[in-house]
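Quick note, the sequence shown lines up with residues 1 to 254 if you use UniProt numbering.
Using N, Cα and C, we set each Cβ at its ideal position, and we do this for glycine too.
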Amino acid sequence: MTDSQNRTSSDELIFFVNGKKVRRVVGLTGTKLGCAEGGCGACTVMLSRYQPFHTNKLISQHYAVNACLAPLCSLHLVAVTTVEGIGSVARKLHPVQERIAKSHGSQCGFCTPGIVMSMYALLRNNPTPSMADVEEAFQGNLCRCTGYRPILEGYKTFTMVRTDGKNGCCMANGNGDFQGSKDKPEATSLYNTADFEPYDPTQEVIFPPELMVRNTNPQEIHSKTLNQAKYLVAYKPDHHLHTVEHKLLCQSKI
Ligand code: FES
Ligand code: FES
Numbered sequence: 001m002t003d004s005q006n007r008t009s010s011d012e013l014i015f016f017v018n019g020k021k022v023r024r025v026v027g028l029t030g031t032k033l034g035c036a037e038g039g040c041g042a043c044t045v046m047l048s049r050y051q052p053f054h055t056n057k058l059i060s061q062h063y064a065v066n067a068c069l070a071p072l073c074s075l076h077l078v079a080v081t082t083v084e085g086i087g088s089v090a091r092k093l094h095p096v097q098e099r100i101a102k103s104h105g106s107q108c109g110f111c112t113p114g115i116v117m118s119m120y121a122l123l124r125n126n127p128t129p130s131m132a133d134v135e136e137a138f139q140g141n142l143c144r145c146t147g148y149r150p151i152l153e154g155y156k157t158f159t160m161v162r163t164d165g166k167n168g169c170c171m172a173n174g175n176g177d178f179q180g181s182k183d184k185p186e187a188t189s190l191y192n193t194a195d196f197e198p199y200d201p202t203q204e205v206i207f208p209p210e211l212m213v214r215n216t217n218p219q220e221i222h223s224k225t226l227n228q229a230k231y232l233v234a235y236k237p238d239h240h241l242h243t244v245e246h247k248l249l250c251q252s253k254i
């Protein structure tokens with residue numbers, strides 16, 4: 001067994017937040033706690049996991065997840081991205097942040113980090129989504145004060161594909177000839193698309209290389225029980241068949 005495999009099966013829980021390895025409290029306050037039971041989406045963050053054995057290709061997959069329901073151990077070898085990790089006013093806003101602001105999609109702002117991260121995770125998996133994809137991505141996000149029209153209007157711009165073959169918002173670039181969204185532009189626009197920064201999916205942060213090296217046996221985490229008398233082995237299923245296998249394994253040991 002290699003050194004990296006030994007380390008992966010140790011009692012060390014390893015994950016990254018916004019590109020930095022977590023060693024202490026990170027103090028990020030952008031992500032909000034609303035309902036604490038998976039109903040409002042205010043706590044949405046993006047989790048990225050490397051899939052070393054997936055179709056013989058090394059790929060990372062991105063998931064919009066309710067942080068309030070995510071067990072800490074499920075983050076082993078996972079890169080967490082919060083709303084602070086994609087952009088800020090001090091640095092530079094990500095187009096997902098900029099477009100919800102400029103389309104007046106945020107009033108009290110409590111739901112906004114979650115909505116931004118749901119859209120961001122969708123774009124990381126699919127840079128040219130359809131309007132149906134956008135609506136599906138927001139199924140778990142509630143907004144109590146702005147209303148969904150300005151939010152969807154702003155993010156509809158990500159669904160348009162220029163007919164000259166370049167990605168980006170045709171309206172934001174002054175070209176009204178688009179395909180992808182079947183919806184016609186509203187007669188009264190909530191924004192000036194010329195103000196939008198173009199979206200460039202090649203500029204996103206990369207997956208932490210350390211997690212690629214360590215990710216040799218991602219299903220198994222060993223951790224000591226509180227009294228240190230014996231080890232608890234926690235399995236992290238990748239798909240529902242793993243869940244069934246682990247359940248049967250547990251039942252056979254009872
Ligand atoms: S706080 Fe409402 S879904 Fe997490
Ligand atoms: S902006 Fe207030 S809840 Fe959405």
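Since Arg49 is in the alpha helix (DSSP H), which residue starts that stretch and which ends it?
According to the DSSP assignment, Arg49 belongs to no alpha helix (DSSP H) but to the beta strand (DSSP E) extending over Thr44 to Gln51.
Close-in-space but distant-in-sequence residues of the same chain around Cys108 (CB under 6 Å, 5 per side omitted)
Taken in chain order, the residues that qualify are Cys145.
The alpha helix (DSSP H) that contains Thr112, what's its start and end?
Run containing Thr112: Thr112 to Asn125, per the alpha helix (DSSP H) assignment.
Check whether the Cβ of residue 257 sits closer than 7 Å to any heavy atom of ligand 2, and report yes or no.
In this structure the chain extends from 1 to 254, so residue 257 is not present and cannot be described.
Whose CA, out of Ser88, Ala36 and Cys35, lies closest to the CA of Asn18?
The residue with the shortest Cα to Cα distance from Asn18 is Ser88.
Beta-carbon contacts of Cys40 that lie in its chain and below 6 Å, excluding the five residues immediately before and after:
Same-chain partners within the cutoff: Gly34 and Leu142.
So, at 8 Å on beta carbons, what are the nonlocal neighbours of Lys32 in its own chain, with the 5 sequence-adjacent residues on each side left out?
Only Ala42, Cys43, Phe110, Cys111, Pro113 and Gly114 meet the Cβ criterion.
Would you call Asn66 buried or exposed, if buried means 16 or more other Cβ atoms sit within 10 Å of its Cβ?
It is buried - the Cβ of Asn66 has at least 16 other Cβ atoms within 10 Å.
Are Thr159 and Pro129 close, meaning C-beta to C-beta below 8 Å?
Thr159 is a Cβ neighbour of Pro129, given a cutoff of 8 Å.
From the DSSP output, in three-state form, read off Ser60 for me.
If DSSP states are grouped into helix, strand and coil, Ser60 belongs with the strands.
Looking only at its own chain, which residues have a Cβ that is under 7 Å from the Cβ of Val80, when we skip the five neighbours before and after it?
Listed in chain order, the non-local C-beta contacts of Val80 below 7 Å within the same chain comprise Phe15, Phe16, Val17, Val45 and Leu47, local neighbours out to five positions each way being set aside.
Pick out whichever of Asp200, Met212 and Thr157 has its Cα sitting closest to the Cα of Leu190.
The option with the nearest alpha carbon to Leu190 is Thr157.
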